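Chemist: Residues in the sequence shown are numbered consecutively from 1, following the working numbering.
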Amino acid sequence: MKKKILLSTLIIFSIVCTLNAATLLSPNKNLKLEFQLTPSGEPEYSFFYREKAVILPSKMGFELKNMPSFVNGFQIHKIDTLTFDQTWEPIWGEVRQIRNHYNEMLVCLEQKSTQRTMKIRFRLFDDGLGFRYEFDKQQNLSYFQIMEEFTQFALTADHKAFWIPGDYDTNEYYYTTTKLSEVDASKVDGSGIGTHGYFAKNAVQSPLMMKTDNGLYINIFEAALIDYPAMQLLIDQKKLVLTSSLVPSAVGVKAFMQTPQNTPWRTIIVSDKATDILASKMILNLNEPCKIKDTDFIKPQKFIGIWWAMHVPNKWSWNYAHEPNIKLKDTDWNALKPLPQHGAKTENVKRYVDFAAANGIPSVLVEGWNVGWEDWMGNWKEEVFDFVTPYPDFDVKEIHRYAASKGVKIIMHHETSASVTNYERRLDKAIEFMKENGYEAVKTGYVGRIIPRGEYHDGQWMVNHYIRVAEKMAENKIMLDAHEPVRPTGLHRTYPNWLACEAARGNEFNAWSAGNPPEHETILPFTRLMGGPMDYTPGIFEIKMSYYQPGNPCQVHTTLAKQLALYVTMYSPLQMAADLPENYEKRMDAFQFIKDVAVDWDDTKYIEAEPGDYITVARKAKNTDDWFVGAITDENARMAVIPFNFLDAKQWYVATIYSDAENADWKENPMAYKIQKFLVNSKSILKQKLAPGGGAAISLKKATKEEMKELKKL
């Protein structure tokens, strides 16, 4: 395993403290936390950025079941403080090294009337605040049930917010941009989402991205979600106070607790620069270090797969036959009449393996290979898949042999149909099957209503399940890509085999629904990606679905050049080249960028950004001198200004620019692109036009002597 901790400093320091109040400053002194107890003993905090209030005095506490609440009646028992400064190296990531530097204040509270204690641990970084509740093992508090957490975020004004509705089961909504006072979850279209339903008109999910009228960017989220339900937010639209709302269990209790136990961290990241929000590593720093001893099996990579062909019209399907009423235990699969459009056939998989091998792509994902797809959706059925029995037209051994002969790995697919009890019963055997047949990575899925019935995707029971699966896969040296889970909260630091998640509205919605608006990919890095990488499945070259079905109005809401740029702007160590091989073969000049672009990085520079409008980012590939740049815009054309001052000052580079053609437009002419090459150095500045819904992708490699003679300088 890599040596991750490079430098660590721990210093005990003093803070300003009175009997019922204390103040904490960030290391650079730009941020300030004030904590106090009200006259009735209620914990309350305030948060400031450069002396300006970000969070006004806000309450903290819990309602418990059949027990006195943790809301008031507290006294400060003591306050412990320290400063911590550590540089560590992630197994993979956007940068080679991460500095973890904060000042900490641990407030120890005692509730005299119940003889119980509660601690609140605050960590103040230069880019934000994290705090959590801690419950020590104690005589008067062992088992307890949380009915609600009352963490407040009292805002200073009616900020602009980028939000999706509060929902216990899905994150797959498009984002709406309104003032907080205008949030109305009932007006958001949830069609196309398998399991959805807002729980309150004034409820939104975290992470919540906001911008104030005076240009301050505020992101509210959580970190290290373990053994606890996800936090959503209720908006008091008159007082402009956000209050935490936890996802309930099947019996209505929000969290079942046993001391000693902590909650996740509640986080507030703040800056007057949007690029600082994207560059923040605070969420990662609030998670525990890697728990996996041997990480050599973890390999960031690109892959292709039998997937997009099941989403586009008139192509392939997951199910093998048309049998609407089957039982897993007593179905003779060989007796069923196969559908000609079944995708996961041996010959189809071999064609994908051939393409992967020819283009240096390490892996191929195959979905629809295993029995049960005929009867899997909408029936709330427990035994749908066994995860080990292939359809008659999928030869597991031959595919393993053929792929191995080409140097290609096959990625396993475990769609659980949200029958989690079934998956947990069968998981050991499924892993044994994977190891026997050479699978080193798995994509899981949780489409549908959860079994055990009454539980939700984002509740405590399921949060624990996702972690159990990650741990089990790590024990068996298997990488994990989870779809339809709770949104990630930085746990990939602790479990780096958990390479990516979906947990948001992905590219597939463009194939069969109203799709993702052109601004979608400019919002996701400020929201969903704050907690970890997303398997967004970029790289679609055949943009309009009318190509497959004349008259079909659906299409991807980007240009082709923007699809290339997403490999840089939408960070993930697991990137899919999502389109069909034949669509790439028609445009191999553009596909060259997908072949070249890295998935693991030494450095990242966020050049310009505005949530909902545009993002430009540059990344240096791990262990190379190569840089890659991605620039994207919303529905508006704009000029991206890209200084190359991050390059080695002593070198010239070849900039290969994949950009929108002059007449490109996401709606009218999305596949028009051009490719140009120039010589650039650290003093060069590129002004790159982006079409409506468009983008640009740039590779930067050190120039040879021959290239110095042949190419023009920018």
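Ideal Cβ placement from N, Cα and C applies to all residues, glycine included.
These numbers come from a predicted model, not from an experiment.
If we count Cβ pairs, one from each stretch, closer than 8 Å, do we get three or more for the stretch 414-426 versus the stretch 442-450?
Modeler: Yes: the two stretches touch, three or more of their Cβ pairs being nearer than 8 Å.
Chemist: Counting pairs of Cβ atoms below 8 Å between the stretch 208-226 and the stretch 486-494, do you hit three or more?
Modeler: In short, these stretches touch, since the Cβ pair count reaches three.
Chemist: What residues are listed by DSSP as bridge partners for Lys293?
Modeler: For Lys293, which the question treats as bridged, DSSP gives no partner whatsoever.
Chemist: Rounded to the nearest angstrom, what separates Lys3 and Lys709 at their Cα positions?
Modeler: Any reading at Lys3 must be qualified, since the residue scores a pLDDT of 41, below 50, and its modelled position is unreliable; no value is offered.
Chemist: Relative to the C-alpha of Lys702, which residue among Gly693, Gln688, Leu686 and Phe678 is closest?
Modeler: Taking only the C-alpha atoms, the option nearest Lys702 is Phe678.
Chemist: Does the Cβ of Ser113 have 16 or more other Cβ atoms within 10 Å, making it buried, or fewer, making it exposed?
Modeler: The residue is exposed, with fewer than 16 neighbouring Cβ atoms inside 10 Å.
Chemist: What does the alpha-carbon distance come out to for the pair Val349 and Ile304?
Modeler: Taking the straight line from one Cα to the other gives about 11 Å.
Chemist: Hey, Ala609 and Phe646 are a contact pair by Cβ (cut 8 Å); roughly how many whole angstroms apart?
Modeler: Incorrect: roughly 16 Å between the Cβ atoms, too far for contact.
Chemist: Which residue marks the beginning of the beta strand (DSSP E) containing Glu415, and which one marks its end?
Modeler: From DSSP, the beta strand (DSSP E) with Glu415 extends over Lys409 to Glu415.
Chemist: Quick check: the Cα distance between Asp213 and Gln152, rounded to an integer number of angstroms?
Modeler: Whole-angstrom Cα-Cα distance: 21 Å.
Chemist: Name the residue from Gln111, Trp307 and Phe509 whose alpha carbon lies nearest to the alpha carbon of Trp318.
Modeler: The residue with the shortest Cα to Cα distance from Trp318 is Trp307.
Chemist: Note down, one range per segment and in chain order, each alpha helix (DSSP H) of at least 4 residues found wholly within the stretch 426-457.
Modeler: Taking only runs of at least 4 residues, no alpha helix (DSSP H) segment lies wholly in the stretch 426-457.
Chemist: State yes or no: is the C-beta of Tyr175 within less than 8 Å of the C-beta of Thr527?
Modeler: Contact flag set, yes.
Chemist: Is it buried or exposed, Arg123, if we count other Cβ atoms within 10 angstroms and call 16 or more buried?
Modeler: Buried, by the Cβ-count rule.
Chemist: Distance check for Pro581 and Gly252, CA to CA, integer angstroms please.
Modeler: Their Cα atoms are separated by approximately 48 Å.
Chemist: So, for Thr569: in the same chain, excluding its five sequence neighbours on each side, which residues have a beta-carbon less than 6 Å away from its beta-carbon?
Modeler: Cβ within range, chain order: Ile615, Val617, Gly630 and Ile632.
Chemist: Counting only runs of 3+ residues fully inside the stretch 102-142, write out the beta strand (DSSP E) ranges in chain order.
Modeler: The stretch 102-142 contains these whole beta strand (DSSP E) runs: 116-124 and 128-135.
Chemist: Count the C-beta pairs between the stretch 545-561 and the stretch 597-605 that are closer than 8 Å, then say yes if the count reaches three, no if not.
Modeler: No contact exists between the stretch 545-561 and the stretch 597-605.
Chemist: Could you have a look at Ile269 and say whether DSSP puts it in helix, strand or coil?
Modeler: Of the three classes helix, strand and coil, the one that applies to Ile269 here is strand, per DSSP.
Chemist: Return the bridge partner residues of Asn262 from the DSSP annotation.
Modeler: DSSP output for Asn262 lists Glu134 as bridge partner(s).
Chemist: In whole angstroms, what is the alpha-carbon distance linking Thr170 and Asn314?
Modeler: Approximately 27 Å, taken between the alpha carbons.
Chemist: Which residues mark the beginning and the end of the beta strand (DSSP E) in which Ser363 is found?
Modeler: Where Ser363 is concerned, the enclosing beta strand (DSSP E) stretches over Ser363 to Val366.
Chemist: According to the Cβ coordinates, are Ile76 and Leu37 closer than 8 Å?
Modeler: Taking 8 Å as the Cβ cut-off, Ile76 and Leu37 qualify as a contacting pair.
Chemist: Would the beta-carbon of Pro533 fall within 8 Å of that of Tyr567?
Modeler: Cβ distance not < 8 Å, so Pro533 and Tyr567 don't count as in contact.
Chemist: Below 8 Å, how does it come out for the stretch 49-61 and the stretch 260-278: are there three or more Cβ pairs, yes or no?
Modeler: Counting Cβ pairs under 8 Å, three or more are found: they touch.
Chemist: Look at the alpha carbon of Met231 and the alpha carbon of Ser244, and state the distance between them as a whole number of angstroms.
Modeler: Each residue's alpha carbon lies about 6 Å from the other.
Chemist: Just to confirm before moving on: does the CB-CB distance between Gln460 and Phe199 stay below 8 Å?
Modeler: Not a contact, by the Cβ cut-off of 8 Å.
Chemist: In chain order, what residues of the same chain lie with their CB nearer than 6 Å to the CB of Pro68, ignoring the 5 residues before and after it?
Modeler: Same-chain partners within the cutoff: Thr114.
Chemist: Identify whether Gln152 lies in helix, strand or coil by the three-state DSSP scheme.
Modeler: If DSSP states are grouped into helix, strand and coil, Gln152 belongs with the strands.
Chemist: Just checking, does the stretch 281-295 make contact with the stretch 123-143 on the three C-beta pairs under 8 Å criterion?
Modeler: Judged by Cβ distances under 8 Å, the stretch 281-295 makes contact with the stretch 123-143, as three or more pairs qualify.
Chemist: Look at the Cβ atom of Ile218, then the Cβ atom of Ile268, and state whether they are nearer than 8 Å.
Modeler: It is a contact, given that the beta carbons lie within the stated cut-off.
Chemist: Classify Lys187 as helix, strand or coil using the three-state DSSP reduction.
Modeler: Helix.
Chemist: Can you give me the start and stop residues for the alpha helix (DSSP H) that Lys650 sits inside?
Modeler: No alpha helix (DSSP H) contains Lys650, which DSSP labels as neither H nor E.
Chemist: Output yes or no for whether 8 Å exceeds the beta carbon distance between Phe628 and Val680.
Modeler: Cβ distance not < 8 Å, so Phe628 and Val680 don't count as in contact.
Chemist: Which class does Ser14 belong to by DSSP, given the choice of helix, strand or coil?
Modeler: Note on Ser14: pLDDT 43, under 50, position unreliable in the model; the coordinate value appears next. The answer is coil: DSSP assigns Ser14 none of H, G, I, E or B.
Chemist: Around the Cβ of Ala561, are there at least 16 other Cβ atoms within 10 angstroms (buried) or fewer (exposed)?
Modeler: Answer is buried; the Cβ neighbour count reaches 16.
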